[in-house]
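Single-structure report; data block below.
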Amino acid sequence: MSSATPTEGTAGGTRRRRRGPRTWLAALPLIAFTALAFGLPLGALLFGAVTRTDPATGATALTGEHLSRSLQGPYLGSLLGSVQLSALTALIGSVLGVLIAQAVVTSRSQALRSAVLTASGVLANFGGVPLAFAFIATVGISGVVTQLADLTSLGWNLYSFGGLAVVYLYFLIPLMVLVILPALDGLRPQWREAAQNAGAGGWQYWRHVGIPVLAPSLLGGFVLLFGSAFAAHATAAALVGGSVPLVTLKIADALSGNVMVGQENVALALGLDMILIAGLVMAIYLPLQRRSARWLR
Amino acid sequence: MAAMTPTAPDVTPESGARAAARPTTPVRTRRRPRVWRGLVLGLGGAYFLVPLIASFVFTVHTPGQGVSFEAYTALLSADGFTQSLLLSLGLAAATIALSLLLAVPALVAVRLGAPRLRPVVEVMCMLPLVVPPIALVTGISTVLRWGPDHLSRTPLYQTFLAVQNEDFPFVLVLAYTVMALPFVYRSLDAGLRAIDVPTLVEAARNCGASWPYVMLRVILPNLRSSLAGAAFLTLALVLGEFSIASILGFRPFAVWIVSISGAQARMSVAVSLLSLVITWLLLLVLSRAGTAQTGTPGAPRTSRKES
Chain A
243 MSSATPTEGT
253 AGGTRRRRRG
263 PRTWLAALPL
273 IAFTALAFGL
283 PLGALLFGAV
293 TRTDPATGAT
303 ALTGEHLSRS
313 LQGPYLGSLL
323 GSVQLSALTA
333 LIGSVLGVLI
343 AQAVVTSRSQ
353 ALRSAVLTAS
363 GVLANFGGVP
373 LAFAFIATVG
383 ISGVVTQLAD
393 LTSLGWNLYS
403 FGGLAVVYLY
413 FLIPLMVLVI
423 LPALDGLRPQ
433 WREAAQNAGA
443 GGWQYWRHVG
453 IPVLAPSLLG
463 GFVLLFGSAF
473 AAHATAAALV
483 GGSVPLVTLK
493 IADALSGNVM
503 VGQENVALAL
513 GLDMILIAGL
523 VMAIYLPLQR
533 RSARWLR
Chain B
220 MAAMTPTAPD
230 VTPESGARAA
240 ARPTTPVRTR
250 RRPRVWRGLV
260 LGLGGAYFLV
270 PLIASFVFTV
280 HTPGQGVSFE
290 AYTALLSADG
300 FTQSLLLSLG
310 LAAATIALSL
320 LLAVPALVAV
330 RLGAPRLRPV
340 VEVMCMLPLV
350 VPPIALVTGI
360 STVLRWGPDH
370 LSRTPLYQTF
380 LAVQNEDFPF
390 VLVLAYTVMA
400 LPFVYRSLDA
410 GLRAIDVPTL
420 VEAARNCGAS
430 WPYVMLRVIL
440 PNLRSSLAGA
450 AFLTLALVLG
460 EFSIASILGF
470 RPFAVWIVSI
480 SGAQARMSVA
490 VSLLSLVITW
500 LLLLVLSRAG
510 TAQTGTPGAP
520 RTSRKES
């Protein structure tokens, strides 16, 4: 849920290796813990997703059945639903986030800037259950704004795909502001002046200077928003229950036994699908983050 | 205001350059940005403020009955409120303690004498970002099911039962620590980057300080703001966490809010609003602490950016 800072660069003083051969022992608890609390569940997930245990004989055999079932029927629908919702909200969130960040940068008001940054820091973390309830109180069936503006007669429904998108944007836009503000700061006024002196108009400046310089940050931000929306479960669970097909909701259903026995392995396979998609997202995001860091200093 | 001073000289030549450029591009360029800026900020502000205001109105105003603060006053006596809040706070405290105990020595060690471990530690701490909580919990529940299935005759079974104790589900602490590691890592890494650990340690050791003394009195005080940042992010994460706890069948704060929402909609919204306000206050306190303690202008900005 958070923006990454570039992690390149070296430690302050890595040259002193004579400082005792046993310093690495201090890292051992962390490694052991991660192996136990993270590696073990992950291994179990992977193992369960690709194997099947015969209840009668107890024999375990390798199978692609769960994975292929996780890519069929309602499960595929939920995966696609999640991807669609995440892509749509990430796109809208990126555009609106950039607009807000640009408004803050151009206003050059220190008070506005710190207010927006603090608010974004809080709101980007305001996901989950409380967010869902704030929106239920606002634009839910008996919500304050719904009553005031008579939204129901306009065809508004919070407990739908569109409703979820509006709710997700509440934490995605601030996230984009946090990610993109430093990048917009990196656009030096001198570049714009140089472009203007060379006879470029506003559009030409953005087309040939602004957007290319921002591109890695923009794409990185989009991908980060996508990952955030894709992994979100609590908001959707508290809001729509099951009426919108989302992969996180499907997994939760399967795990809490709302479906027939034997579906747990499909839940594991869906979990694996999610990890693959999220891994892809991070594989795009981290190199981009590194590239965009070049312009920020 | 002191923070403004260094930026002021930077601004002046810029605006001077702008003033020089202005005659060529007349009033138009100054006017238009203001309109769209006002529009963007106004609409943005409305989108982010309306749900907060409407939620507050929802909790205090019942159509036809007028204004009452009952949703807030009834909270303390509400069934399960104190219990679930205390459980969440306890889990948060344990998670903060565990994650810092694991991460601080590892990160300091990597800086001091094991640079080759650095990528390993970084990847280990960052990997949880790739795994959505819901996927992590599928794995955890599978592992927990091994208990009754395969291990019921071994002493390990008792451990499995103990970590799932209703009163204090330690398995949640394990899961939350995994989820918190990326944030803790980043916060601590930023803090360690700002100080020269080997020099500090060498100086302290040459003065005859013991290792515990070096850690407690030299390294940790220098990391105060990043430790606070890590602790705050972890606290916010644990207080708001819903997926893992609800699927494993425990009832900390977020799960409790959902469980009362059917019968007491007003109260669930009131609690949600309160949790936002509390988070906000914590963040403000944190950014103040950051500015007051380290004189460097970079430190508070980093913690804010990371949250």
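Taken in sequence, the protein lines are chains A and B.
All letters in the first sequence, in the order written, are residues 243 to 539 by the working numbering.
All letters in the second sequence, in the order written, are residues 220 to 526 by the working numbering.
In this text, a Cβ means the ideal position worked out from N, Cα and C, and glycines have one as well.
Cβ distance (whole Å) where residue i is taken to contact residue j below 8 Å
i                : j                : result
Tyr214 (chain B) : Glu460 (chain B) : Only positions 220 to 526 of chain B appear in the structure, and residue 214 (chain B) is not among them; the question remains open.
Leu407 (chain B) : Ala449 (chain B) : 6 Å
Phe375 (chain A) : Ser487 (chain B) : 5 Å
Trp430 (chain B) : Ser303 (chain B) : Their Cβ separation, rounded to whole angstroms, is 40 Å, which puts Trp430 (chain B) and Ser303 (chain B) out of contact at 8 Å.
Thr331 (chain A) : Leu466 (chain A) : Going by Cβ atoms, the distance from Thr331 (chain A) to Leu466 (chain A) rounds to 12 Å, so no, they are not a contact pair.
Asp515 (chain A) : Ser312 (chain A) : 6 Å
Arg330 (chain B) : Leu411 (chain B) : 6 Å
Ile422 (chain A) : Val340 (chain A) : 5 Å
Leu510 (chain A) : Gly290 (chain A) : 4 Å
Gly513 (chain A) : Leu287 (chain A) : 5 Å
Phe479 (chain B) : Pro283 (chain A) : As written in the sequence, residue 479 (chain B) is Ile, which differs from the Phe given in the question. Not confirmed; about 30 Å, so no contact.
Leu348 (chain B) : Met524 (chain A) : 6 Å
Ala269 (chain A) : Ala399 (chain B) : That pair is no contact at about 18 Å.
Ala423 (chain B) : Leu294 (chain B) : Ala423 (chain B) to Leu294 (chain B), Cβ: 49 Å. No contact.
Ala343 (chain A) : Leu411 (chain A) : Not a contact, Cβ separation roughly 15 Å.
Assigned secondary structure, residue i (DSSP; H/G/I helix, E/B strand, else coil)
i                : result
Val350 (chain B) : coil
Ala381 (chain B) : helix
Leu530 (chain A) : helix
Val362 (chain B) : helix
Leu295 (chain B) : coil
His475 (chain A) : coil
Leu514 (chain A) : helix
Val523 (chain A) : helix
Ser429 (chain B) : coil
Arg401 (chain A) : Before going further, note that residue 401 (chain A) is Tyr rather than Arg in the sequence given. Tyr401 (chain A): coil per DSSP, three-state reduction.
Phe451 (chain B) : helix
Gln446 (chain A) : helix
Pro471 (chain B) : coil
Ile378 (chain A) : helix
Glu506 (chain A) : helix
Glu460 (chain B) : coil
Thr567 (chain B) : Because chain B is modelled from 220 through 526, residue 567 (chain B) falls outside the range shown and cannot be assessed.
Asn367 (chain A) : coil
Phe413 (chain A) : helix
Gly552 (chain A) : Chain A is shown only over 243 to 539; residue 552 (chain A) falls outside these bounds and no answer can be derived.
Val246 (chain B) : Confidence at Val246 (chain B) is low in this model, with a pLDDT of 43, below 50, so the placement of that residue is unreliable and no value is reported for it.
Leu493 (chain B) : helix
Gly323 (chain A) : helix
Thr252 (chain A) : Unreliable placement is indicated for Thr252 (chain A), whose pLDDT of 43 sits below 50; the coordinate value is still reported in the next sentence. Thr252 (chain A) falls in the coil class under three-state DSSP.
Val300 (chain B) : This sequence places Phe at residue 300 (chain B); Val is not what is there. Here Phe300 (chain B) sits in helix by DSSP.
Ile414 (chain B) : coil
Pro458 (chain A) : helix
Ala265 (chain B) : helix
Val323 (chain B) : helix
Ala440 (chain A) : coil
DSSP beta-bridge partners of residue i
i                : result
Gly285 (chain B) : B:Thr281
Ala303 (chain A) : A:Arg294
Closer than 9 Å, Cβ to any Cβ of chain B: which residues of the stretch 357 to 376 of chain A, in chain order? Val358, Leu359, Thr360, Ala361, Ser362, Gly363, Val364, Leu365, Ala366, Asn367, Phe368, Gly369, Gly370, Val371, Pro372, Leu373, Ala374, Phe375, Ala376
The stretch 274 to 304 of chain B: positions lying closer than 9 Å to chain A by Cβ: Ser274, Phe275, Val276, Phe277, Thr278, His280, Pro282
For the stretch 363 to 370 of chain A against the stretch 340 to 350 of chain A, are there 3 or more C-beta pairs whose distance is under 8 Å? no
Using a Cβ-Cβ cutoff of 7 Å, what residues of the stretch 448 to 469 of chain B are near chain A? List them in chain order. Ala455, Gly459, Phe461, Ser462, Ile466
Answer yes if the stretch 444 to 463 of chain A comes into contact with the stretch 310 to 329 of chain A, meaning at least three C-beta pairs across the two stretches below 8 Å, and no otherwise. no
Any contact between the stretch 276 to 291 of chain A and the stretch 466 to 479 of chain A? By contact I mean 3 or more CB pairs, one from each, below 8 Å. no
Is the stretch 439 to 459 of chain B in contact with the stretch 307 to 318 of chain B, if contact means three or more CB pairs nearer than 8 Å? yes
Does the stretch 418 to 432 of chain B come into contact with the stretch 380 to 396 of chain B, if we say contact requires no fewer than three beta-carbon pairs (one atom in each stretch) closer than 8 Å? no
With three or more beta-carbon pairs closer than 8 Å as the criterion, would you say the stretch 376 to 393 of chain A touches the stretch 265 to 285 of chain B? yes
Can you find at least 3 beta carbon pairs, one from the stretch 394 to 412 of chain A and one from the stretch 321 to 328 of chain A, that sit closer than 8 Å? yes
Count Cβ pairs between the stretch 433 to 447 of chain B and the stretch 368 to 387 of chain B that sit closer than 8 Å; are there 3 or more? no
Taking any Cβ of chain B, which residues in the stretch 513 to 524 of chain A have a Cβ under 7 Å from it, in chain order? Gly513, Met516, Ile517, Ala520, Gly521, Met524
The stretch 475 to 503 of chain B: positions lying closer than 8 Å to chain A by Cβ: Ile476, Val477, Ser480, Ala484, Ser487, Val488, Val490, Ser491, Leu492, Ser494, Leu495, Thr498, Trp499, Leu502, Leu503
Determine which residues of the stretch 260 to 282 of chain A have a Cβ less than 7 Å from any Cβ of chain B, and write them out in chain order. Arg261, Gly262, Thr265, Trp266, Ala268, Ala269, Pro271, Leu272, Ile273, Phe275, Thr276, Ala279, Phe280, Leu282
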